[in-house]
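A.B. asks: At position 109 of the sequence shown the residue is numbered 141 (the numbering used here), and the sequence of numbers has no breaks.
Just so you know, even glycine gets a beta-carbon here, dropped at the ideal spot from N, CA and C.
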Amino acid sequence: MTKEQKGRHSNRYRYWYDKVYTKEEIKDYFHEGWNDLIESSFELVSYFPDAQICSAKRCMGMLHMFAKAEDEMVMHAVEGVLWKIERLSSKICEKCGQSGQRRTELKAVHCLCNDCYLVHLNENDDPMTLFKKGREGRF
């Protein structure tokens with residue numbers, strides 16, 4: 033595999049991003065519901081030598097985190113931990129931390145519990161669109 037192919041297909045932090053965000057900056061960016069997940073992920077990654085979480089984003093209603101490490105084996109282990117955190121975030125409401133589900137029918141996919149979903153619809157969406165064909169009973 034050439035260096036060009038490795039960089040193109042790799043999802044490593046060092047190829048795509050420059051800035052490293054702190055835990056507090058990442059927690060401030062998201063709602064309070066995922067704060068425990070962010071804390072746990074930073075704690076778990078701290079057990080690996082020279083591994084560091086660099087940034088995070090919401091991707092398809094899940095918390096996707098990027099990390100970097102010098103050793104390739106450590107990087108694979110850290111990616112496994114972060115993949116599990118990402119999957120757990122798809123079942124936790126990002127606003128309140130209760131059990132939730134991904135709401136793919138929204139314009140921007142969020143993971144919300146039923147109460148937060150209704151509040152989100154009333155604030156951002158026309159509630160009457162709930163009764164359009166194909167959207168009834170979505171929560």
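Report back the beta-carbon spacing between Glu126 and Trp66 to the nearest angstrom; my notes put them in contact at under 8 Å.
C.D. replies: Translated into positions along the sequence shown, residue 126 becomes position 94. Translated into positions along the sequence shown, residue 66 becomes position 34. Confirmed, about 5 Å.
A.B. asks: Compute the Euclidean distance between the alpha carbons of Ile76 and Lys116, then round it to the nearest angstrom.
C.D. replies: Reading the sequence shown from its first residue, position 44 is the one you call residue 76. Reading the sequence shown from its first residue, position 84 is the one you call residue 116. The sequence given here has Leu at residue 76, not Ile. Whole-angstrom Cα-Cα distance: 11 Å.
A.B. asks: If we call anything under 8 Å between Cβ atoms a contact, is Gln84 one with Val113?
C.D. replies: As a first step, residue 84 must be located in the sequence shown, where it is residue number 52. As a first step, residue 113 must be located in the sequence shown, where it is residue number 81. Going by C-beta atoms, Gln84 is not nearer than 8 Å to Val113.
A.B. asks: According to the Cβ coordinates, are Phe80 and Val106 closer than 8 Å?
C.D. replies: The residue you call residue 80 lines up with position 48 of the sequence shown. The residue you call residue 106 lines up with position 74 of the sequence shown. Going by C-beta atoms, Phe80 is nearer than 8 Å to Val106.
A.B. asks: Can you tell me which residues form a DSSP beta bridge with Ile124?
C.D. replies: The residue you call residue 124 lines up with position 92 of the sequence shown. Bridge partners of Ile124: Ser131.
A.B. asks: Quick one: measure Cβ to Cβ for Asp103 and Asp82, integer angstroms, because I've assumed they're closer than 8 Å.
C.D. replies: Your numbering for residue 103 matches position 71 in the sequence shown. Your numbering for residue 82 matches position 50 in the sequence shown. Asp103 to Asp82, Cβ: 7 Å. Contact.
A.B. asks: For Arg119, list the residues DSSP reports as bridge partners.
C.D. replies: Mapped onto the sequence shown, residue 119 falls at position 87. Answer is none; Arg119 lacks a bridge partner.
A.B. asks: Taking the alpha-carbon positions, what's the Lys100 to Cys86 distance?
C.D. replies: The count along the sequence shown starts at 1 and reaches residue 100 at position 68. The count along the sequence shown starts at 1 and reaches residue 86 at position 54. Answer to the nearest angstrom: the Cα atoms are 7 Å apart.
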